[in-house]
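Below is one structure, written out as structure tokens; the observations come after it.
2 protein chains.
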Amino acid sequence: MPSPEPLSRREAGKAERRRQIIRAARDLIRETGNAGLSMRGLAARAGVSLATPYNLFGSKRAIVVAVLQDVREFQERFATVRAADPVEKIFAALDIAIAFYVGDPSFYRTLWSAVFDATDGVRNEILNPKRDAFWRGLLEDAFRAGALSADVDLGLLLRQLELLLRSVMFEWVVGEVGPERLAPLARHGYALILLGAASAEWRGPLKARAMEAQQALGVAG
Amino acid sequence: MPSPEPLSRREAGKAERRRQIIRAARDLIRETGNAGLSMRGLAARAGVSLATPYNLFGSKRAIVVAVLQDVREFQERFATVRAADPVEKIFAALDIAIAFYVGDPSFYRTLWSAVFDATDGVRNEILNPKRDAFWRGLLEDAFRAGALSADVDLGLLLRQLELLLRSVMFEWVVGEVGPERLAPLARHGYALILLGAASAEWRGPLKARAMEAQQALGVAG
DNA sequence: CAGAAGTTTAGAACGCGTTCAAGCTATTGG
DNA sequence: CCAATAGCTTGAACGCGTTCTAAACTTCTG
Chain A
643 MPSPEPLSRR
653 EAGKAERRRQ
663 IIRAARDLIR
673 ETGNAGLSMR
683 GLAARAGVSL
693 ATPYNLFGSK
703 RAIVVAVLQD
713 VREFQERFAT
723 VRAADPVEKI
733 FAALDIAIAF
743 YVGDPSFYRT
753 LWSAVFDATD
763 GVRNEILNPK
773 RDAFWRGLLE
783 DAFRAGALSA
793 DVDLGLLLRQ
803 LELLLRSVMF
813 EWVVGEVGPE
823 RLAPLARHGY
833 ALILLGAASA
843 EWRGPLKARA
853 MEAQQALGVA
863 G
Chain B
643 MPSPEPLSRR
653 EAGKAERRRQ
663 IIRAARDLIR
673 ETGNAGLSMR
683 GLAARAGVSL
693 ATPYNLFGSK
703 RAIVVAVLQD
713 VREFQERFAT
723 VRAADPVEKI
733 FAALDIAIAF
743 YVGDPSFYRT
753 LWSAVFDATD
763 GVRNEILNPK
773 RDAFWRGLLE
783 DAFRAGALSA
793 DVDLGLLLRQ
803 LELLLRSVMF
813 EWVVGEVGPE
823 RLAPLARHGY
833 ALILLGAASA
843 EWRGPLKARA
853 MEAQQALGVA
863 G
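Shown next as structure tokens:
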């Protein structure tokens, strides 16, 4: 992507409009919650016609994804993660992500709802490539530290972790799991999957994490 | 649920209409695929007014869920699962389920799309309670055979497996994973999670399954 | 059998996401 | 510098799920 393009007047106007639309969408979600984001309201708030967001983004879902990718604090907070060992770091990052979501429910519920909207055939690219790289880095650290079995494919492992997190988020979005159970449920799943990919020496600590999460979830699943 | 109610004439008529609506919905999905199921078309097909499906079911989603729960062949085919050991049986059941889905894509894509529709706050009860009991039974068999670690909570383990399968199905619904990669992806996730919950003696075979699925998925995740 | 109670019906309407023909505007070639 | 052109914006419109009203119909009650 050649960023230093001349950026003609036309393109500049488009970029500006795009920015306005994203900002209007973010504000509307923040103010009115999930149901408050309608394309007509968004267009009015952004000061453009109803069709413009479709020209610039293609669909409501694409706009919401753009809003999600625009959240910068996320990555900043991730960068501050420090932990005793690489496995602990993974769980610390997971906790941070979930704290982000449950800390601003009306906002992230809307965002994730759009993520789960399967009406259009648009490919997902759900989250930032940077985010993927971050998680991939965490797994690579764990791998280098000998926490993971030598023959596991890190890309596949990452994918399974993300699949699980997505389902957990879905349950949160539809209200099947409350905010207090979200983190334990995700930790439990992560612990199980990582335990399945762990090297013999690291099975102990991961098993402990799995049991810990299991107890946090109590008897009733 | 007291099934042997007198079932007054009024209730009988409602039940009959319910049946007609479910059948019309199933046929419409089968014939026209995902986009072909509109409430107006459904009402016309079922020979009722547009408002009637709302009186009897409440929402389109509830109708689709009712269609899904009405699929009987599923359980019949599940009942025929035979395998050398309880763990193999789990994977055999998984294969059957996925074969069902990919074998009738337009039908089950529609059904699963409705499952992922989070617009209404309706609780899910996504799949048949009977289905849950079936999977629970499989896990209990594996547990009794000593395949699972003594301190795992079977309910939680089942939940994590279902969470993962739901995400995998979601990827299939939105087209991010093709029919040929669906089964390996699910098997890989199941193998990892079960491996995390396995007893020491059963780690070998499960590890083999995980690696097998990993190779089936090829280098690109 | 007559009235009460409950359902379905037709029809219109609402707000939604999305699309399209028509008009406006910045760019470009002479 | 201006006219032709390509591209963007616009308001109107479509089909959707859903709700509502009033009238017609069916079932239950006494």
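As they're listed, the protein sequences go chains A and B.
In terms of our numbering, the first sequence opens at residue 643 and continues consecutively.
In terms of our numbering, the second sequence opens at residue 643 and continues consecutively.
Cβ atoms here follow ideal geometry from the backbone N, Cα and C, with glycine treated the same way.
Note that the coordinates shown come from a computational prediction; the quantities given were computed from them, not determined experimentally.
For residue i, which of helix, strand or coil comes out of DSSP?
{"i": "B/Ala685", "result": "helix"}
{"i": "B/Ala840", "result": "strand"}
{"i": "A/Pro644", "result": "Low per-residue confidence applies at A/Pro644: pLDDT is 39, beneath 50, and the placement is therefore not dependable, though the value from the model is reported in the following sentence. The answer is coil: DSSP assigns A/Pro644 none of H, G, I, E or B."}
{"i": "B/Leu679", "result": "coil"}
{"i": "B/Glu606", "result": "Outside the modelled stretch of chain B, which goes from 643 to 863, sits residue 606 of chain B, for which no answer is possible."}
{"i": "A/Asp737", "result": "helix"}
{"i": "A/Ser691", "result": "coil"}
{"i": "A/Gly831", "result": "helix"}
{"i": "A/Gly797", "result": "helix"}
{"i": "B/Val819", "result": "coil"}
{"i": "A/Phe716", "result": "helix"}
{"i": "B/Phe699", "result": "coil"}
{"i": "A/Pro728", "result": "helix"}
{"i": "A/Gly863", "result": "Per-residue confidence for A/Gly863 stands at a pLDDT of 47, beneath the threshold of 50, marking its modelled position as unreliable; no derived number is given."}
{"i": "A/Met811", "result": "helix"}
{"i": "B/Arg660", "result": "helix"}
Can you say whether residue i is buried or exposed, counting buried as having 16 or more other CB atoms within 10 angstroms of its CB?
{"i": "B/Pro870", "result": "Any answer about residue 870 of chain B is impossible in this case: the structure gives chain B only from 643 up to 863."}
{"i": "B/Lys849", "result": "buried"}
{"i": "A/Lys702", "result": "buried"}
{"i": "B/Arg829", "result": "buried"}
{"i": "A/Ala833", "result": "buried"}
{"i": "A/Asp793", "result": "exposed"}
{"i": "A/Glu647", "result": "Low local confidence applies: a pLDDT of 43 at A/Glu647 is under 50, so the model's placement there is unreliable, and no value is given."}
{"i": "A/Asp759", "result": "buried"}
{"i": "B/Leu692", "result": "exposed"}
{"i": "A/Ser755", "result": "buried"}
{"i": "A/Gly820", "result": "exposed"}
{"i": "A/Asp795", "result": "buried"}
{"i": "A/Arg661", "result": "exposed"}
{"i": "B/Ala852", "result": "buried"}
{"i": "A/Arg668", "result": "buried"}
{"i": "A/Ala616", "result": "Since the first and last residues shown for chain A are 643 and 863, residue 616 of chain A lies out of range."}
{"i": "B/Arg652", "result": "exposed"}
{"i": "B/Ser680", "result": "exposed"}
{"i": "B/Ala650", "result": "Correcting the residue type first, residue 650 of chain B is Ser in the shown sequence and not Ala. By the neighbour-count rule (16 or more Cβ atoms within 10 Å), B/Ser650 is not buried but exposed."}
{"i": "B/Ala688", "result": "buried"}
{"i": "B/Ala855", "result": "buried"}
{"i": "B/Pro771", "result": "exposed"}
{"i": "A/Arg801", "result": "buried"}
{"i": "A/Ala726", "result": "exposed"}
{"i": "A/Ala666", "result": "buried"}
For the alpha helix (DSSP H) that residue i lies in, which residues bound it at each end?
{"i": "A/Arg851", "result": "845 to 858"}
{"i": "A/Asp783", "result": "771 to 786"}
{"i": "B/Val708", "result": "A small fix is needed here, since residue 708 of chain B is Ala in this sequence, not Val. Segment 702 to 711, the alpha helix (DSSP H) holding B/Ala708."}
{"i": "A/Arg724", "result": "No alpha helix (DSSP H) holds A/Arg724; DSSP gives it neither H nor E."}
{"i": "B/Ala789", "result": "Per DSSP, B/Ala789 belongs to no alpha helix (DSSP H) and is neither H nor E."}
{"i": "B/Ser650", "result": "No alpha helix (DSSP H) holds B/Ser650; DSSP gives it neither H nor E."}
{"i": "A/Phe749", "result": "747 to 757"}
Taking three-plus beta-carbon pairs below 8 Å as touching, is the region 740 to 752 of chain B in contact with the region 693 to 704 of chain B? By the Cβ criterion, the region 740 to 752 of chain B is not in contact with the region 693 to 704 of chain B, since fewer than three pairs of Cβ atoms, one from each stretch, lie closer than 8 Å.
Three CB pairs or more closer than 8 Å across the region 803 to 821 of chain A and the region 796 to 816 of chain B: Touching, yes, given that three or more Cβ pairs across the two stretches are closer than 8 Å.
I want to know whether the region 717 to 728 of chain B touches the region 676 to 688 of chain B - three or more CB-CB distances under 8 Å. With a cut-off of 8 Å, the region 676 to 688 of chain B and the region 717 to 728 of chain B do not count as touching, because too few Cβ pairs lie within range.
Three or more C-beta pairs below 8 Å linking the region 778 to 792 of chain A and the region 778 to 794 of chain B: No contact exists between the region 778 to 792 of chain A and the region 778 to 794 of chain B.
For the structure I just gave you, are there three or more beta carbon pairs, one from the region 836 to 847 of chain B and one from the region 834 to 841 of chain A, closer than 8 Å? A contact exists between the region 836 to 847 of chain B and the region 834 to 841 of chain A.
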